[in-house]
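Participant: I'd like to ask you about the structure that follows.
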Amino acid sequence: MTVTQTAPVRAVAPAAAPGRRRVRPGRLGLHAFLMTVSLAFLAPLLLAVYASLRPYQETARYGYFSLPRHLSFDYYKQAFSDSGMSKYFVNSLIIAVPGVLLTLFLASFVAFAVTRLNMRGGLVLLMVFTAGNLLPQQVIVTPLYVLFTKINLPYWMSDSMTMYDSYWAVIAVQVAFQIGFCVFVLANFMRTVPGDIIEAARVDGAGVWTQYWRITLPLCRPALAALATLQFTWMYNDFLWALVFISDGDKLPVTSALNNLRGQFFTDYNLLAAGSVLVALPTVLVFLLLQRHFIAGLTLGASKG
Numbered sequence: 340m341t342v343t344q345t346a347p348v349r350a351v352a353p354a355a356a357p358g359r360r361r362v363r364p365g366r367l368g369l370h371a372f373l374m375t376v377s378l379a380f381l382a383p384l385l386l387a388v389y390a391s392l393r394p395y396q397e398t399a400r401y402g403y404f405s406l407p408r409h410l411s412f413d414y415y416k417q418a419f420s421d422s423g424m425s426k427y428f429v430n431s432l433i434i435a436v437p438g439v440l441l442t443l444f445l446a447s448f449v450a451f452a453v454t455r456l457n458m459r460g461g462l463v464l465l466m467v468f469t470a471g472n473l474l475p476q477q478v479i480v481t482p483l484y485v486l487f488t489k490i491n492l493p494y495w496m497s498d499s500m501t502m503y504d505s506y507w508a509v510i511a512v513q514v515a516f517q518i519g520f521c522v523f524v525l526a527n528f529m530r531t532v533p534g535d536i537i538e539a540a541r542v543d544g545a546g547v548w549t550q551y552w553r554i555t556l557p558l559c560r561p562a563l564a565a566l567a568t569l570q571f572t573w574m575y576n577d578f579l580w581a582l583v584f585i586s587d588g589d590k591l592p593v594t595s596a597l598n599n600l601r602g603q604f605f606t607d608y609n610l611l612a613a614g615s616v617l618v619a620l621p622t623v624l625v626f627l628l629l630q631r632h633f634i635a636g637l638t639l640g641a642s643k644g
C-alpha cells in the first residue's frame, strides 16, 4: 500500500483591492508642505478680499480676524469711482501690451539667431543678454532720466516733445530690462526643437523668415504663452519707472490710482484693500486665459517621449 504525501497548503495573502494605492508617509508630508506654502501665499490675498467686504467701523471695533456682521460690495464701487480707475487701467494697458509684444518679438529674434543660424559669437551674445538681468535697475535711474529729457520726439508721439513724460520711455525701459530673461528662456527652448524640421524646411526652399515665423514660433507657443503671462504681470504691476519718467498724473498706470484712495489725515484700509483687489483682477484674467499654455510652458522637459 502506497502512501502519497500531499504538499502543505500555504496561506495566500489576499490581493490588494484594485484601485487602492498605498499612501507613503513621505508623500503625505510633501502634500502637507505644499498646502502650507500655498496657504501662506494666499493668506494676504484672502485677508484683503475679506477686509474689502466689511465696513471699516466693524474691523476697527472687532478686528480684522473677527467674524463678519455685514458684507457688501460697496467698497468696490467706491474704489472704482473715487480713484478714477478706468482711466488708469487704460494707461497700464497702453504700457503693458506693447511692452510684452515687443519684448517677445525681439527676444524670439535673438534666440532664433543664436540657436539656428550658427552665427559666430552666439554664446557670447546670449551671455550678454543674460548678464543684463544682473544689473540693478535703480542704478541707472538718474542717467536714464537725463537721457530721456534730451531725446526729442514729434508731437504726435509725445506731448512734451521729448521721451520724458511719455509712454515710450516706460515701454523702452521695460523692454530693455525684460528682454534678457526672455532670450535666455526662448533660446533654451528652441534648442529642444528637432533640427531635422529646420533642415527639411531649408531643403524645400524655406528662407530664414519662413523658418522663424512659420516653423519655429508655432512650436514655441507654450514657452511664449508662459513668458507672456509673466511679462504682463511684471509690467502691469510696475510702479517705479512710471513714477520716475511720467510727470503728468493723467498718464500714470493703475498702480498709482491706489494713492488716490489715501486721505491726508486718514486712510480707510478696507477701501484700499478693495482697490488693490480691483487692480489685481486683470493679471488674474490673463492667467486664466493663458492657463493651459502657461502650465504647458512650465512643464516642458518634465517627461521624454
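If you read the sequence shown in the numbering used here, its first letter stands for residue 340, the second for the next number, and so on.
Glycine included, each C-beta is placed from N, C-alpha and C at the ideal position.
1) If distances are taken between C-alpha atoms only, which option among Val514, Pro561, Ala567 and Phe584 comes closest to leucine 486?
2) Which same chain residues end up closer than 7 Å to phenylalanine 633 when comparing Cβ atoms and leaving out the 5 residues on each side of it in sequence?
3) Does DSSP put threonine 442 in a helix, a strand or coil?
4) Quick one: give me the first and last residue of the alpha helix (DSSP H) that threonine 622 is part of.
5) With respect to the alpha helix (DSSP H) encompassing isoleucine 518, which residues constitute its N-terminal and C-terminal limits?
6) Looking at C-alpha atoms only, which residue of Val593, Met458, Gly365 and Phe520 is the closest neighbour of phenylalanine 468?
7) Let's test the definition: count the other Cβ atoms within 10 Å of the Cβ of isoleucine 518 and tell me whether it reaches 16, buried, or not, exposed.
8) With 16 as the cutoff for other CB atoms within 10 Å, does methionine 458 come out buried or exposed?
9) What is the DSSP secondary structure of asparagine 457, reduced to helix, strand or coil?
10) Measuring CB atoms only, is the segment 425-444 touching the segment 581-601, in the sense that at least three cross pairs come out at less than 8 Å?
11) Buried or exposed: which applies to phenylalanine 404, given that a residue is buried once 16 or more other Cβ atoms fall within 10 Å of its Cβ?
12) Would you decide whether proline 493 is buried or exposed? Buried here means 16 or more other CB atoms lie within 10 Å of its CB.
13) Where cysteine 559 and aspartate 607 are concerned, what is the direct C-alpha to C-alpha distance, given to the nearest angstrom?
14) Count the C-beta pairs between the segment 418-428 and the segment 474-490 that are closer than 8 Å, then say yes if the count reaches three, no if not.
15) CA-CA distance, glycine 546 and aspartate 413?
16) To the nearest angstrom, how far is the alpha carbon of glycine 644 from that of arginine 530?
17) So, using beta-carbon positions, are valine 388 and alanine 596 closer together than 9 Å?
18) In terms of DSSP beta bridges, what is asparagine 491 paired with?
19) With C-beta atoms as the reference, is alanine 450 less than 9 Å away from leucine 483?
20) Taking the alpha-carbon positions, what's the threonine 622 to leucine 381 distance?
21) Taking Cβ to Cβ, would you say asparagine 609 is nearer than 9 Å to alanine 390?
22) Compute the beta-carbon to beta-carbon distance between valine 522 and leucine 465, rounded to the nearest angstrom, for a pair I have assumed lies under 8 Å.
23) With distance defined between alpha-carbon atoms, name the residue in Ala562, Gly368 and Val512 nearest to leucine 474.
24) On the criterion of 16 or more Cβ atoms from any shown chain inside 10 Å, does arginine 455 qualify as buried, or is it exposed?
Facilitator: Walking through what the data contain:
1) When each option's Cα is compared against that of leucine 486, the closest is Phe584.
2) Answer for phenylalanine 633: Ala564, Ala565, Thr568 and Phe626, listed in chain order.
3) Assignment of threonine 442 by DSSP, reduced to helix, strand and coil, places it in the helix class.
4) From DSSP, the alpha helix (DSSP H) with threonine 622 extends over 608-628.
5) Here the alpha helix (DSSP H) through isoleucine 518 covers 506-529.
6) Taking only the C-alpha atoms, the option nearest phenylalanine 468 is Phe520.
7) Result: buried.
8) So methionine 458 ends up on the exposed side.
9) Residue state for asparagine 457 is assigned as coil, using DSSP reduced to three classes.
10) Touching, yes.
11) Counting the other Cβ atoms within 10 Å of the Cβ of phenylalanine 404 gives fewer than 16, which makes it exposed.
12) So proline 493 ends up on the exposed side.
13) Cysteine 559 and aspartate 607: Cα-Cα distance of roughly 46 Å.
14) Result no; under three Cβ-Cβ pairs closer than 8 Å.
15) For glycine 546 and aspartate 413, the distance between alpha carbons rounds to 59 Å.
16) In this prediction, glycine 644 has a pLDDT of 43, which is less than 50 and means its spatial position is unreliable; what the coordinates show is noted afterwards. Rounded to the nearest angstrom, the two C-alpha atoms are 16 Å apart.
17) Valine 388 is not a Cβ neighbour of alanine 596, given a cutoff of 9 Å.
18) When beta bridges are read from the DSSP output, asparagine 491 appears opposite Thr501.
19) Not a contact, by the Cβ cut-off of 9 Å.
20) Each residue's Cα considered, the two are about 15 Å apart.
21) A contact, by the Cβ cut-off of 9 Å.
22) Valine 522 to leucine 465, Cβ: 7 Å. Contact.
23) Restricting attention to Ala562, Gly368 and Val512, the CA atom closest to the CA of leucine 474 is found in Val512.
24) Residue environment: arginine 455 is assigned as buried (16 or more neighbouring CB atoms within 10 Å of its CB, all protein chains considered).
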